[in-house]
Amino acid sequence: SIYYNKFPWIEYSVRLDTVFCFPCRHFYTEKGYVDDLFIGKGLRDWKKLSEKPSKHANSQVHINNETIRSHKADVERNRLYLAKVCDILKLLSKLGLPFRGHDEGKDSKLKGNFLEFCDFFSKYDESFQKMQQSHFNCTSHEFQNEVLHICADLVTKGIVEAVRKTGFFTVIADEARSFKTEQLSLCIKYAENLEVRERFLCFIDCSSSRGAEGIYSCIKKALEKRGLQNLPVVAHSYDGAAVMSGHVSGVQQRMKTDHPAAVYVHCMAHKLNLVLVSNRTAVGFFNVIEKLYNLFAVPSNHQVFLGMQQALGLKPQEIVQLSDTQWACKWKSVLAVRMQYTAIIKSLEKVSDPAGKWSVEASGLNQHMRRLQFIACLLIFQDLLNVAHRALQAKGMTLAKASDIIERLKSFFKKRRSDESWSSVWEDITRFCQGHNILQDEANDCQVPKRRRVVKSSATLKDFLVSDTLGQILDAMNGKLERQFSKESMAIAGAVDSVLKCEKDGVQSLLQQYADPLNINPYIVASQMELFASTDCSITLEKLLHEVSPSLYPNHYKLIQLYLTLPVGTATSERSFSAMRRIRNWLRSTMASDRCSSLALLHIECDMTAKLIPEDIIDVYASQGKRRMQLQLIFI
Numbered sequence: 039s040i041y042y043n044k045f046p047w048i049e050y051s052v053r054l055d056t057v058f059c060f061p062c063r064h065f066y067t068e069k070g071y072v073d074d075l076f077i078g079k080g081l082r083d084w085k086k087l088s089e090k091p092s093k094h095a096n097s098q099v100h101i102n103n104e105t106i107r108s109h110k111a112d113v114e115r116n117r118l119y120l121a122k123v124c125d126i127l128k129l130l131s132k133l134g135l136p137f138r139g140h141d142e143g144k145d146s147k148l149k150g151n152f153l154e155f156c157d158f159f160s161k162y163d164e165s166f167q168k169m170q171q172s173h174f175n176c177t178s179h180e181f182q183n184e185v186l187h188i189c190a191d192l193v194t195k196g197i198v199e200a201v202r203k204t205g206f207f208t209v210i211a212d213e214a215r216s217f218k219t220e221q222l223s224l225c226i227k228y229a230e231n232l233e234v235r236e237r238f239l240c241f242i243d244c245s246s247s248r249g250a251e252g253i254y255s256c257i258k259k260a261l262e263k264r265g266l267q268n269l270p271v272v273a274h275s276y277d278g279a280a281v282m283s284g285h286v287s288g289v290q291q292r293m294k295t296d297h298p299a300a301v302y303v304h305c306m307a308h309k310l311n312l313v314l315v316s317n318r319t320a321v322g323f324f325n326v327i328e329k330l331y332n333l334f335a336v337p338s339n340h341q342v343f344l345g346m347q348q349a350l351g352l353k354p355q356e357i358v359q360l361s362d363t364q365w366a367c368k369w370k371s372v373l374a375v376r377m378q379y380t381a382i383i384k385s386l387e388k389v390s391d392p393a394g395k396w397s398v399e400a401s402g403l404n405q406h407m408r409r410l411q412f413i414a415c416l417l418i419f420q421d422l423l424n425v426a427h428r429a430l431q432a433k434g435m436t437l438a439k440a441s442d443i444i445e446r447l448k449s450f451f452k453k454r455r456s457d458e459s460w461s462s463v464w465e466d467i468t469r470f471c472q473g474h475n476i477l478q479d480e481a482n483d484c485q486v487p488k489r490r491r492v493v494k495s496s497a498t499l500k501d502f503l504v505s506d507t508l509g510q511i512l513d514a515m516n517g518k519l520e521r522q523f524s525k526e527s528m529a530i531a532g533a534v535d536s537v538l539k540c541e542k543d544g545v546q547s548l549l550q551q552y553a554d555p556l557n558i559n560p561y562i563v564a565s566q567m568e569l570f571a572s573t574d575c576s577i578t579l580e581k582l583l584h585e586v587s588p589s590l591y592p593n594h595y596k597l598i599q600l601y602l603t604l605p606v607g608t609a610t611s612e613r614s615f616s617a618m619r620r621i622r623n624w625l626r627s628t629m630a631s632d633r634c635s636s637l638a639l640l641h642i643e644c645d646m647t648a649k650l651i652p653e654d655i656i657d658v659y660a661s662q663g664k665r666r667m668q669l670q671l672i673f674i
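At the far end of the sequence shown sits residue 674, using this note's numbering, and the numbering has no gaps.
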């Protein structure tokens, strides 16, 4: 132990019974003559155990090797500390949490999530605490931004590599406002190993370029920046705004100029919602629900509504704000009104107190909700909206599945125009009125046509409320479905469906569109489809995904990838705006666009963020300029 204290660099080999110099043995790299006593042979002459090490300690070779060892230890310590800091940044980004606090001084009680996490780590890690208390501890906002951008670039690199491996992709874009700026969400869809991937790329501030030319220029530059400009774009999906969908000079036409094979797909969820927007009966019904939302959005009225639900022993359920572009929010509101009907009526009665501020509006809504026509619409729309309120926005939705849903909707609406269906609806209305103590005679203030006013019987009410109301709604919705989803617009969906069924004749329109850009041989793919179909009479998507391999059926495999890549809607872009609202809230409204986009990418693509390796992040950080903290070995 005396010699270890005097010469801390020595190491003893029990097997050889010799003493070596640790730094010289591990870090010596110079060529030429050198006394290898402490490097190769080892010291065995115990009489000279004080003389030889002292002489070796003063040699230039030993001093150099000792410096290298010290430098390596510093680098390892710094990288270990920085890896923990990067893990904290990754965690906060993945969860979409804010980093900074209002006051990050030493005496602050709340320094913000990032510094609070660092202080928490310091309690259980002494080495981390020492580095944290040093002058340069990598916690500045400049360091945070730089590492966030590096992480975002690594995630983007992983996405781009997967897209390049696939060979083609779909562009999905949508636009929304965020704190006086217009943000364009750019996403892509591709099939990786026959698994559908919808990935967020970035937010683009297009406040100064809101025209078709400006928006397309933003999309084009974003794709070029990520090296995707040379890959075929097989389709692109936007909403129905004229600037996006215009066939003369809209974004879709400009995209088609650069990518002739790209098919424009109007978001099917938006198109489906347009079926309701133009329906006169539906507009009046949903206007009442919108007024209910506005009334109960007032804090005092909302407390009355919540208290009434608790008093009745009901599970709390809210009426949500309606949107012109979302079918799902209408379904949620209709379901809430249906399930909380008694609570709503009693709440309106309480709010309609003559001394109250909202008495007139509450009284009017109370009377309107007791009308048979409102009750009929409530039950009818609950049935109709339940069919496809979420299906078209599912991440795994394909064009063929969406086409099947639309066809089922058309068939569903047609079947509802039958005497049996009308009788069932009338029975539901009667049962609903009895369950809520509503007298049909009192609730009957419908404008019955003159030819029917002579006889005011339940049969007349049934004929008017069910036949006319339901018939009008069904006719309008079915007609709108036919116009929004015409045979021409669904032709591509039919061809895509033929891929699943292995019908070589049905995919000819797809092959004419994509054979050249995707390098698919029509004759070979026909043979491969016929060969695969001959192996088994029952063909399912699961069977295709499991058994069609790129080595055995390369052309057929690529056609299935195309089937999975064609878009259905812009739900992925819309989900990114939900993430943006969580990240860029009113307390963080001054956040720069680049930081917001990087945080959104790491939050939305959290599965890829979790796979980032801190060592890779540190390597990129160290290579991007001179760093005050030693992170790379200088000597080898």
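All C-beta atoms in this analysis are idealised placements derived from N, C-alpha and C, irrespective of residue type, glycine included. Everything numeric in this text was worked out from a predicted model, so none of it was measured.
Assuming residue 335 is part of the alpha helix (DSSP H), what are its boundary residues? By 1-based counting over the sequence shown, the position of residue 335 is 297. Neither: residue 335 is in no alpha helix (DSSP H) and is coded neither H nor E.
Is the Cβ-Cβ distance between residue 459 and residue 452 less than 8 Å? Residue 459 sits at position 421 when you count from the first residue of the sequence shown. Residue 452 sits at position 414 when you count from the first residue of the sequence shown. Not closer than 8 Å, so no.
Residue range of the beta strand (DSSP E) that residue 148 falls in? Here residue 148 is taken as the residue at index 110 of the sequence shown, counted from 1. Element bounds for residue 148: n/a, residue is neither H nor E.
I believe residue 232 touches residue 549 by the beta-carbon criterion, under 8 Å. Please report the beta-carbon distance rounded to the nearest angstrom. As a first step, residue 232 must be located in the sequence shown, where it is residue number 194. As a first step, residue 549 must be located in the sequence shown, where it is residue number 511. So it is not a contact: roughly 19 Å between Cβ atoms.
Output the distance between the C-alpha atoms of residue 218 and residue 347, rounded to the nearest integer angstrom. Residue numbering aside, residue 218 sits at position 180 when the sequence shown is read from its first letter. Residue numbering aside, residue 347 sits at position 309 when the sequence shown is read from its first letter. Between residue 218 and residue 347, the C-alpha separation is close to 38 Å.
Could you tell me which of 309, 176, 513 sits nearest to residue 659, measuring between CA atoms? Within the sequence shown, the letter at position 621 stands for residue 659. Nearest C-alpha to residue 659: 176.
Simplified DSSP assignment, three categories, for residue 302: As a position in the sequence shown, residue 302 is number 264, starting the count at 1. Here residue 302 sits in strand by DSSP.
Taking its Cβ as the centre, do 16 or more other Cβ atoms sit within 10 Å of residue 464, making it buried, or is it exposed? As a first step, residue 464 is located in the sequence shown; it is residue number 426 there, counting from the start. The residue is buried, with at least 16 neighbouring Cβ atoms inside 10 Å.
Within the same chain, show all residues whose beta-carbon is closer than 8 Å to that of residue 132, passing over the 5 residues directly before and after it, in chain order. Looking up residue 132 in the sequence shown gives position 94. Correct list, in chain order: 640, 641, 644, 647, 648.
Are the CB atoms of residue 605 and residue 273 within a distance shorter than 8 Å? Residue numbering aside, residue 273 sits at position 235 when the sequence shown is read from its first letter. Residue numbering aside, residue 605 sits at position 567 when the sequence shown is read from its first letter. Contact flag set, yes.
Suppose you measure from the CA of residue 202 to the CA of residue 269; what does that come to, to the nearest Å? For this step, residue 202 is matched to residue 164 along the sequence shown. For this step, residue 269 is matched to residue 231 along the sequence shown. Roughly 7 Å between the two C-alpha positions.
Helix, strand or coil: how does DSSP classify residue 279 here? By one-based count along the sequence shown, residue 279 stands at place 241. Residue state, collapsed to three classes: coil.
Does DSSP put residue 643 in a helix, a strand or coil? As a working mapping, residue 643 is identified with position 605 in the sequence shown. Coil at residue 643, not helix or strand.
According to DSSP, is residue 234 helix, strand or coil? To locate residue 234, count along the sequence shown from 1; it is residue 196. Correct three-state label for residue 234: strand.
How close, in whole Å, do the beta carbons of residue 213 and residue 245 come, if the pair is a contact with beta carbons under 8 Å? Locating residue 213 in the sequence shown gives position 175, counting from the first residue. Locating residue 245 in the sequence shown gives position 207, counting from the first residue. No, residue 213 and residue 245 are not in contact; Cβ-Cβ is about 10 Å, not under 8 Å.
If we count the other Cβ atoms within 10 Å of its Cβ and call it buried at 16 or more, is residue 489 buried or exposed? In the sequence shown, the residue the question calls residue 489 occupies position 451. In this prediction, residue 489 has a pLDDT of 44, which is less than 50 and means its spatial position is unreliable; what the coordinates show is noted afterwards. So residue 489 counts as exposed.
Minimum C-alpha distance to residue 79 - residue among 54, 389, 320: Locating residue 79 in the sequence shown gives position 41, where the first residue counts as 1. When each option's Cα is compared against that of residue 79, the closest is 54.
CA-CA distance, residue 376 and residue 185? As a position in the sequence shown, residue 376 is number 338, starting the count at 1. As a position in the sequence shown, residue 185 is number 147, starting the count at 1. Distance between the alpha carbons of residue 376 and residue 185 is about 50 Å.
How long is the line joining the alpha carbons of residue 577 and residue 349, rounded to whole angstroms? Stepping through the sequence shown from its first residue, residue 577 is reached at position 539. Stepping through the sequence shown from its first residue, residue 349 is reached at position 311. Cα-Cα distance, rounded: 55 Å.
Could you tell me which of 260, 325, 389, 384 sits nearest to residue 358, measuring between CA atoms? Against the sequence shown, residue 358 aligns to sequence position 320. If we check each option's Cα against that of residue 358, 325 comes out closest.
Residues near residue 334 in its chain [Cβ-Cβ closer than 7 Å; skip 5 each side]: In the sequence shown, the residue the question calls residue 334 occupies position 296. Cβ within range, chain order: 340, 343, 357.
Under DSSP, the alpha helix (DSSP H) around residue 180 begins and ends at which residues? Along the sequence shown, read from residue 1 onward, the residue named residue 180 stands at position 142. Per DSSP, residue 180 belongs to the alpha helix (DSSP H) from 179-204.
Nearest to residue 564 (by Cα), restricted to the options 405, 593, 580, 586: Within the sequence shown, residue 564 is the residue found at index 526, counting from 1. Of the candidates 405, 593, 580, 586, the one whose C-alpha sits nearest the C-alpha of residue 564 is 593.
Return the CA-CA distance between residue 410 and residue 351, expressed in angstroms with no decimal places. By one-based count along the sequence shown, residue 410 stands at place 372. By one-based count along the sequence shown, residue 351 stands at place 313. Cα to Cα, the separation comes out at about 26 Å.
Rounded to whole angstroms, what's the CA-CA distance from residue 675 to residue 553? Just pull it up for me. No statement about residue 675 is possible, as the shown extent of the chain runs from 39 to 674 and does not include it.
Which class does residue 176 belong to by DSSP, given the choice of helix, strand or coil? Stepping through the sequence shown from its first residue, residue 176 is reached at position 138. Residue 176 falls in the coil class under three-state DSSP.
Find the nearest neighbour of residue 538 within the set 512, 571, 513, 509, judged by alpha-carbon distance. Looking up residue 538 in the sequence shown gives position 500. Per the Cα distances, 571.
Given this structure, state the Cα-to-Cα distance separating residue 123 from residue 254, to the nearest angstrom. Translated into positions along the sequence shown, residue 123 becomes position 85. Translated into positions along the sequence shown, residue 254 becomes position 216. Distance between the alpha carbons of residue 123 and residue 254 is about 38 Å.
Length of the line joining the Cα atoms of residue 279 and residue 321: Here residue 279 refers to the residue found at position 241 when the sequence shown is read from its first residue. Here residue 321 refers to the residue found at position 283 when the sequence shown is read from its first residue. So the alpha carbons of these two residues sit roughly 21 Å apart.
How far does the beta strand (DSSP E) with residue 56 in it reach, from first residue to last? As a working note, residue 56 is residue 18 in the sequence shown. It spans 56-59 - the beta strand (DSSP E) in which residue 56 sits, taken as one unbroken run.
Determine, using beta carbons only, whether residue 297 and residue 271 come nearer to each other than 8 Å. Numbered from its first residue, the sequence shown carries residue 297 at position 259. Numbered from its first residue, the sequence shown carries residue 271 at position 233. Yes, the Cβ-Cβ distance between residue 297 and residue 271 is below 8 Å.
Closer than 6 Å by C-beta to residue 289: which residues in its own chain qualify, once you throw out the five before and the five after it? Chain order, please. Start at 1 with the first residue of the sequence shown, and residue 289 comes out as number 251. Taken in chain order, the residues that qualify are 250, 253, 254, 282.
Does DSSP classify residue 543 as helix, strand or coil? If you number the sequence shown from 1, residue 543 lands on position 505. Three-state DSSP puts residue 543 in coil, outside helix and strand.
Per-residue DSSP class, three states only, for residue 347: As a first step, residue 347 must be located in the sequence shown, where it is residue number 309. Correct three-state label for residue 347: helix.
Span separating the alpha-carbon of residue 178 from that of residue 224: Position 140 of the sequence shown holds residue 178. Position 186 of the sequence shown holds residue 224. Straight-line Cα distance between these residues: approximately 30 Å.
With contact counted as at least three CB pairs below 8 Å, one residue from each stretch, are the stretch 594-604 and the stretch 150-162 in contact? no
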